[in-house]
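When we follow my numbering, the leftmost residue of the sequence shown carries the number 1, and every step to the right adds one. The beta carbon of each residue, even a glycine, is placed where N, CA and C say it ideally should be. Comments concern the structure below.
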Amino acid sequence: MHYLNQLSPSKRGYALINRSIHWLSKFLVKDWDRRLLGLSSLPIRSILDIGANEGQFSKRMRSLFPDAQIYAFEPLPDALKVLNAWAKTQRGSVQVFDVALGETEQVLALQQHLYFSASSSLLPTTALGEEVYPIMSRQQPISVTQTTLDGAIAQLPHFPQPDVLIKLDVQGYEDRVIRGGLQTFAQAKACIVEISLDALYDGQATFQTIFELLSGLGYSYCGNLDQIQARDGHVIYFNALFLNTHPTPPHHAR
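This is the structure we're talking about:
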């Protein structure tokens, strides 16, 4: 039975809206898959998809790096159902972690956005955020387990095979994830981060904070894969690429 048929009518409606928005976004979101600012030429063997949602990014990267092992992190139950269903078709090359990531281990309230799950966050939305994106206004808090990236990776039999690509899309929570994963980020080769310049979430990480954290780990800012602009021309958010010229060699073992 399809998972949509198992939902209540109201939840089914929200799920269908989510799917419709994701489908439309394929036409609205820029096609940077073939460029990736040179990233596609790297021998990426492992991908950490942090804020995987339904696996949109992982599926894109699967076509570019077909032999890479993917580690996907997603705490939202409904998105997890879709993500897990896809992972089961990937012959063991996708491992899903049903947790949120941050700098501590605890249970937290995540604001689930019912009309567009990809914008859900551990941070509350601002008035500006809901004005710019009205679909963010319908929310429902749910309890999720948060762990650290370094803690999650330490549970694996071995560190993901280099070169490692990290994608970080956690709606303003980027600095917390990086601080909880300093060892993992230091050992990775590349990082794609979605960064908001408009204050869409209360307490969100700034570009300056993210830049300083990653620079301290050996990363250089290499440009934007894309950027979304408001009607007046200012940039709302963008996906930035950082490359680590000298990743720390993996050394953890269980």
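query: Counted within 10 angstroms of its Cβ, other Cβ atoms place residue 180 as buried (16 or more) or exposed; result: buried
query: Test item: CB-CB of residue 40 and residue 94 under 8 Å; result: no
query: For residue 239, the first and last residue of its enclosing beta strand (DSSP E); result: 235-244
query: Segment contact, 8 Å Cβ cut-off, at least three pairs: the region 195-206 with the region 37-56; result: no
query: Candidates 233, 118 and 213: closest to residue 177 by CA position; result: 213
query: CB contact flag (residue 166, residue 241, <8 Å); result: no
query: Stretch-stretch touch, CB-based, cutoff 8 Å, three pairs: the region 156-163 with the region 129-148; result: no
query: Residue environment, residue 287, which counts as buried when at least 16 other CB atoms sit within 10 Å; result: Since the first residue shown for the chain is 1 and the last is 254, residue 287 is missing from the structure and cannot be characterised.
query: Where residue 193 falls: helix, strand or coil (DSSP); result: strand
query: Three-way DSSP call (helix, strand, coil) for residue 228 in this model; result: strand
query: Limits of the beta strand (DSSP E) - the one that residue 82 falls within; result: It is not in any beta strand (DSSP E) - residue 82 instead sits in the alpha helix (DSSP H) that spans 77-87.
query: Contact set for residue 164: own chain, Cβ-Cβ below 7 Å, skip 5 residues either direction; result: 46, 48, 187, 188 and 189
query: At least three beta-carbon pairs within less than 8 Å, the region 94-103 to the region 143-154; result: yes
query: Boundaries (first-last residue) of the alpha helix (DSSP H) holding residue 183; result: 182-187
query: Close beta carbons around residue 114, own chain, < 7 Å, minus the five adjacent residues each side; result: 14, 138, 139 and 140
query: One or two residues paired with residue 167 in a DSSP bridge; result: 49 and 192
query: For residue 183 and residue 84, the rounded distance between their alpha carbons; result: 27 Å
query: Test item: CB-CB of residue 250 and residue 201 under 8 Å; result: no
query: Anticipated Cβ contact below 8 Å, residue 96 with residue 72, distance rounded; result: 5 Å
query: Coarse secondary structure for residue 110, derived from DSSP in three states; result: strand
query: Straight-line gap, residue 22 to residue 154 (C-alpha atoms, nearest Å); result: Note on residue 22: pLDDT 48, under 50, position unreliable in the model; the coordinate value appears next. C-alpha separation (whole angstroms): 33 Å.
query: Best match in 237, 223, 236 and 248 for proximity to residue 38 [C-alpha to C-alpha]; result: 223
query: Extent of the continuous alpha helix (DSSP H) run through residue 127; result: 127-132
query: Simplified DSSP assignment, three categories, for residue 142; result: strand
query: Residue 243 vs residue 36 beta-carbon contact at 8 Å; result: no
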